[in-house]
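Count the sequence shown with the numbering used here and you get residues 24 to 106, in order.
Using N, Cα and C, we set each Cβ at its ideal position, and we do this for glycine too.
Notes for the one structure printed next.
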Amino acid sequence: LLSYDIACQYSWHLFHRMKELPEHLQMTDDLIKYVDYVIPKFHLFRHGSSCQLQYSINLLPGCVHSDLEDPKRWWAPGRARSI
């Protein structure tokens with residue numbers, strides 16, 4: 024599962040970008056086809072309807088109750104203290 028604000032862009036280019044990585048970091052073509060791409064709920068509304076339908080976590084079985092924003096909730100307070 025790849026969750027990112029612009030997962031739609033990653034899904035289009037991941038295969039080509041993998042070829043640019045050192046071989047030991049590359050995912051095989053067989054493995055890449057099993058990656059599911061989703062856009063976190065907070066960012067999804069900024070995308071067009073085609074992205075919303077294709078990359079909504081609400082439509083991925085087993086993930087509907089997650090918003091995938093939890094890491095930011097834990098990261099943000101610590102970042103404010105470090106500035």
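Quick one: give me the first and last residue of the alpha helix (DSSP H) that residue 78 is part of. Residue 78: member of the alpha helix (DSSP H) spanning 72-78, first to last residue.
Rounding to the nearest angstrom, what Cα-Cα distance links residue 77 and residue 64 in this structure? Spanning the two alpha carbons is a distance of roughly 13 angstroms.
Which first and last residues belong to the alpha helix (DSSP H) in which residue 53 is found? DSSP places residue 53 inside the alpha helix (DSSP H), whose first and last residues are 52-55.
To the nearest angstrom, how far is it from the Cα of residue 70 to the Cα of residue 40? In a straight line, the C-alpha of residue 70 is about 23 angstroms away from that of residue 40.
Spatial neighbours of residue 34 within its chain, please: CB distance less than 7 angstroms, with the 5 preceding and 5 following residues excluded, ordered by chain position. Leaving aside the five residues that flank residue 34 on each side, the residues in its chain whose CB is nearer than 7 angstroms to its CB run, in chain order, 60.
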